[in-house]
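Take a look at the structure set out below.
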């Protein structure tokens, strides 16, 4: 109340004085610079305290105002800086105003970088996500992508494809789906150019900021490949007139051993031994040399054949029963992971130049023994000013990565079955490595020395030392930028980038490795000649390369009229030429590590008789190389207009052409556009108030595209060498679709940005609607056409088959809960997304099983929706209760084959529709603590269970213990009973159950992603040697706090053998 | 200055845009437009055109193979198991048919080529290459329709052929066309029409054995006419081919290695008998990846018959077949001189020319028996000679994909009928001649989208 009164008095006062002395004016000019970097700050508004904006600084930081002599103070304000009030007096002509950046005190400047130009958040109309340096640095991870997880609203990382022990790269998804079978990942822009190598080459410490462009206004800048959004990454740069700084960072990480007890598809040894006893009695196992049989069963066979006594069998069995492969694996094949990261950076600049140079080293030792990852990275970049108008910006980056993958994971110990064998021991009491079942029948392998063959046993512990699988990756990236400023109205820039990436793999199998011995034995002929010499084998190649030239030239400038009309434009053209190559593998046999000699002079066309059965050719290179060329040509333009900083209008237009868009030139070009409007409502006099000092409304609409390099309007053949005739032959890979059109994505985005007094509460609320039209997908075909997906070579008929509408909300709220010596900030992000198929055009499916399997889009439903057979529990015979045409029935075969699609149960989507993240940060003096919690809900995942005939194929699951056994059990279990024998009915029941609603579980869960603790100290004495110090501790992959499913499964990785183990990091940063 | 700059920038970029975007994305991908491109499609022998013959179901259901009864219950794919046991209903249980899939895939290739080559007007220098491409494509289309008709259509019956169900006859590569099943008459009409035209275009002898030739056309026609029971026409075609190529491989010259799993395959490239190389895959229910011969069948070979040791080998408790002479090592389902000799012999015998018939048979036997063995057959009883010929056919053409066709045609005539029997779970399955199960159902995934009329079974 008091404040308000003062404000009104002040306003009154200034109005009166202005009107009284309006006739006396004086001209004042000056320059505004950054208080630390001393670089000019453009776009600073110069205003009378509480009054109108008189002027705005230009890009050189200069301004000029006519001021009434009665006024003796001016306020300089800019979004990135703390406002400053300066006393002025008559005759001040060359004021130098130093503004202090907010970033050092408050928060980082949200200057959005579209990759083409930078724009303060205030003047943007589109939808941007901004990731600050602090966010990037919060949790250390080797790959920058891992650091983005859970940070950007509505950017999700789908890791459900991880089903092995080495985590696959996540699939990025921004604001749901806008495509079905084409690329659905956002485009990544690194330092102004599209980057397609995966982001492992980048040292996260080198990254200055990341801007995520979510809507059409943003995406249409980047054209036909930006329909899924764009992630713009810019690296740190030096600034002129800055003393040289040295920054050193060091990170150590410890990763736990994985939780091998997580996976449900495992049964303990005692149970599996019982099962094998029973299966052996039922003659389940085929005693053939080429078919692996479980280890214990081999002993049962020996016992049957009177080769071992009852007592020997008993002893062996007891020993196995006391073993747990998981425990054994944890001690022999897993370890605590240990990662280290070191980097050093030099930044500085003098008059007319600036530079930054850094080098980093990463060495990660995986929790899988034998797996390591090493990365070296060095770069140098500079800016050279020549005269006042010419600027040269060279940079060079080099990264080298080595990946060694010699680890043996426990999921590979499945010899003879589908699940991990639970009774494997890897070393006996005397330190001797023990063999396990692999590839062939153990009994046959045991007999090998007696047949005059090499030892044929597989001893995993020995293998750790006998194989060397590694890959290396080198990347060189060079950029050159030139800029010439004719005037404020015209700046001409040229950017060029050269990128060269080489990736190679090699494998060296020692002569005693299983791989080498197995191959030698297989090719040992009846007369005992060894076709393949007994020696090490080296396999080289699978070499892939990529090189690209990109060049861009653009004109940009700004025009300002009476500080009321502000116009910025950008006009440019861009060329990209990218070539990727692949080359075949090469084998060298009898390889000598020391002399580097090996043999290749074999008859690769001759079929040799192989042991134990069949014939084969000697493994050799395919001889075929690959060469792909991608070329893009684009013209782009962008226009931004603002009136009194209150009314904003933006427009962009882009034309893209590429050699992948088909064959006819007229089909190549794709025009893309967007328009946007914004209104700084809080600046309107009628709105101005204290409670909500900033409020902005904005809207964009536009059209962007998506590419699918696999489509063609003409038949396509692919040349190769025919294996039968050795002649040149061609495979038909596409029959072509003459009526194919390109995918288009139209996006509407509406947003509100707000901030309350003192920015206690800031945030934004966005609504978007994406309409994907002409989406390309594989048509379901009658095999009579010859288009069959399970016949090699696969031919797929791609058509424009669906329209998809995606809509959602993104809400971000930042709250300063407690401000003072102790600070508590909360950032809450909420993303809701739903999609709906609005049009679908392909052949109808009439079979429910094919329908469930191929999951075709259904009009009016989400694309991610899952259908399943309804589940009504088991009956008193342990069979599922089923209804057909409303009647209870037991004809499972007919039911499974003829179930009407309309009566399938709709489960729900597979992809989370609501994700939320909450980051709480507490600060006290130099200390800060934060925790990031993520919520996902509105989706389903499929769990697994014990198959009725699982024992026969060694497919185990802990549901085994919950199986129906006798009438009455159906009251408390849904697990099918053991099948007495395989029959069509059992198969129908099994398949129906697998595809039923029983196994689909709600994915809702709350996850504590990470916790961090840091100590940050800035030396107030700017002259001291140590400028700042930072120590951090953090923990990631902590775990799930709450989950809806009662099986203890992680819904994000339903197929993985275990969740990614917890990582604890210690980091230190020193700035000199 | 400004204008100059604009112009410079835009000219720089647009001047190279023409050819800049004409570069192919993947250099090994080609839009076919030359004669060589179409020839290359037909030369896709190993992956598509000359392997994976549409003959799997017939071989399984006929009486040449044997499957271990103990394993049978667990064997997959289920439809092969069902075919072996002559299951009446729901043979496929949702599975697909490789016979149908691969057969129609080859027909798609042939149709692509037939349509594409039509757009090329060859000059004189190109005429031979052009004719070979078109002739080959027509041959492949006819051959695949013929093989599919043996599995999915009834035995041809001249009186009812206009109402018997034929195959969906796709003659254009346009995959959007909906084509219902034709009549069986239309199916055979197309096959014979394609072959008539192919004969005009093809060379007498092929450059490589995987390419069709006039010899192959005659051999296929002989096989078709035999199946249609038009024995005079079959004889004429067989004789026409034999007049050009009749050399047989003397099995006495074949080196014998008791450890070998492929006695004749190493000779594939030099075997003078092969007219057209076309092979198949061993059905998955033959778990060891080789054919296990029905023990009854093995008993047909007497001592001194070289085929006994060159064709078969003991393996575990089975007799396995090791006598294929195809290029790929799979069973040979193409054409060879021995089949023509047997067709000619049968047709001569049926016409009453017993001496000519016995001549043919004895010529073949001469090359199949050890030198010291008396291989010759002599009789003046037509019935006896016919019986000999049909037995010789079984012996010589074992695992050549012909037994199924013979069962169907001989049973249709009912002059030499055959009743099949198998035991499973100590239950005897008997299949009488002309049982409707001699026609396989159309695969359910084809019916689901194509809406074809199903065979009754």
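Protein chains in written order, with the numbering used here: chain A, 25 to 1096; chain B, 3 to 459. Each residue gets a CB set at the ideal place from its N, CA and C atoms; glycine is no exception.
Short CB-CB distance (under 8 Å) between residue i and chain A
i                      : result
residue 110 of chain B : yes
residue 130 of chain B : no
residue 376 of chain B : no
residue 92 of chain B  : yes
Any C-beta of chain B under 8 Å from that of residue i
i                       : result
residue 814 of chain A  : yes
residue 417 of chain A  : no
residue 127 of chain A  : Residue confidence for residue 127 of chain A is low, a pLDDT of 44 falling below 50, so the modelled location carries little weight and cannot support an answer.
residue 805 of chain A  : yes
residue 550 of chain A  : yes
residue 655 of chain A  : yes
residue 755 of chain A  : yes
residue 1005 of chain A : yes
residue 245 of chain A  : no
residue 923 of chain A  : no
residue 638 of chain A  : yes
residue 976 of chain A  : yes
residue 699 of chain A  : no
Distance between beta carbons of residue j and residue i, contact taken as under 8 Å
i                       : j                      : result
residue 74 of chain B   : residue 426 of chain B : 7 Å
residue 1132 of chain A : residue 354 of chain A : For residue 1132 of chain A there is no data in the structure shown, the boundaries of chain A being 25 and 1096.
residue 264 of chain A  : residue 374 of chain A : 7 Å
residue 628 of chain A  : residue 644 of chain A : 4 Å
residue 372 of chain A  : residue 262 of chain A : 6 Å
residue 141 of chain B  : residue 224 of chain B : Their Cβ separation, rounded to whole angstroms, is 14 Å, which puts residue 141 of chain B and residue 224 of chain B out of contact at 8 Å.
residue 244 of chain A  : residue 727 of chain A : 7 Å
residue 113 of chain B  : residue 34 of chain B  : 13 Å between Cβ atoms; not a contact.
Under 8 Å between C-beta atoms of residue i and residue j
i                      : j                       : result
residue 804 of chain A : residue 867 of chain A  : yes
residue 481 of chain A : residue 418 of chain A  : no
residue 755 of chain A : residue 39 of chain B   : no
residue 874 of chain A : residue 932 of chain A  : no
residue 291 of chain B : residue 335 of chain B  : no
residue 204 of chain A : residue 887 of chain A  : yes
residue 582 of chain A : residue 590 of chain A  : yes
residue 286 of chain A : residue 1082 of chain A : yes
residue 183 of chain B : residue 440 of chain B  : no
residue 321 of chain A : residue 304 of chain A  : yes
When you check each C-beta in the stretch 22 to 53 of chain B against every C-beta of chain A, which residues fall closer than 8 Å? From the stretch 22 to 53 of chain B, only 22, 23, 24, 25, 26, 27, 28, 29, 30, 31, 32, 33, 34, 39, 42, 43, 45, 46, 47, 48, 49, 50, 52 and 53 have a Cβ closer than 8 Å to chain A.
Return the residues of the stretch 846 to 870 of chain A that lie within a Cβ-Cβ distance of less than 9 Å from chain B, sorted by chain order. Listed by position, the residues of the stretch 846 to 870 of chain A near chain B (Cβ gap below 9 Å) are 867, 868, 869 and 870.
Ranges of the alpha helix (DSSP H) found wholly within the stretch 83 to 126 of chain B, counting only runs of at least 4: If we require 4 residues or more, the alpha helix (DSSP H) runs fully inside the stretch 83 to 126 of chain B come out as 100 to 120.
Starting from the N-terminal side, write out each stretch of the beta strand (DSSP E) that is 3 residues or longer and does not extend beyond the stretch 297 to 367 of chain A. As far as the stretch 297 to 367 of chain A is concerned, it has no whole beta strand (DSSP E) run of at least 3 residues.
What residues from the stretch 320 to 348 of chain B come within 7 Å of chain A, judged by C-beta to C-beta, listed N to C? Within the stretch 320 to 348 of chain B, the residues whose Cβ lies closer than 7 Å to some Cβ of chain A are 329, 330 and 331, listed in chain order.
Residues in the stretch 260 to 271 of chain B having any Cβ partner in chain A nearer than 7 Å: Per Cβ criterion, the list reads 261, 262, 263 and 264.
Check each residue of the stretch 436 to 468 of chain A: if its Cβ is closer than 8 Å to any Cβ of chain B, include it; give the result in chain order. Legend: CB atoms of the stretch 436 to 468 of chain A lying less than 8 Å from CB atoms of chain B are not found in any residue.
Residues of the stretch 166 to 184 of chain B with Cβ closer than 9 Å to any Cβ of chain A, in chain order: Contact annotation: in the stretch 166 to 184 of chain B, residues whose CB is within less than 9 Å of a CB in chain A are 169, 170, 172, 175, 176, 177, 178, 179, 180 and 181.
Secondary structure, beta strand (DSSP E): runs of 3+ residues fully inside the stretch 260 to 308 of chain B: Within the stretch 260 to 308 of chain B, the complete beta strand (DSSP E) runs of at least 3 residues are 276 to 278.
Contained alpha helix (DSSP H) runs [length at least 4] in the stretch 216 to 264 of chain B, N- to C-terminal order: Segments of the alpha helix (DSSP H) lying fully in the stretch 216 to 264 of chain B: 216 to 229 and 233 to 246.
What runs of the alpha helix (DSSP H), each 4 residues or longer, lie entirely inside the stretch 633 to 702 of chain A? Segments of the alpha helix (DSSP H) lying fully in the stretch 633 to 702 of chain A: there are none.
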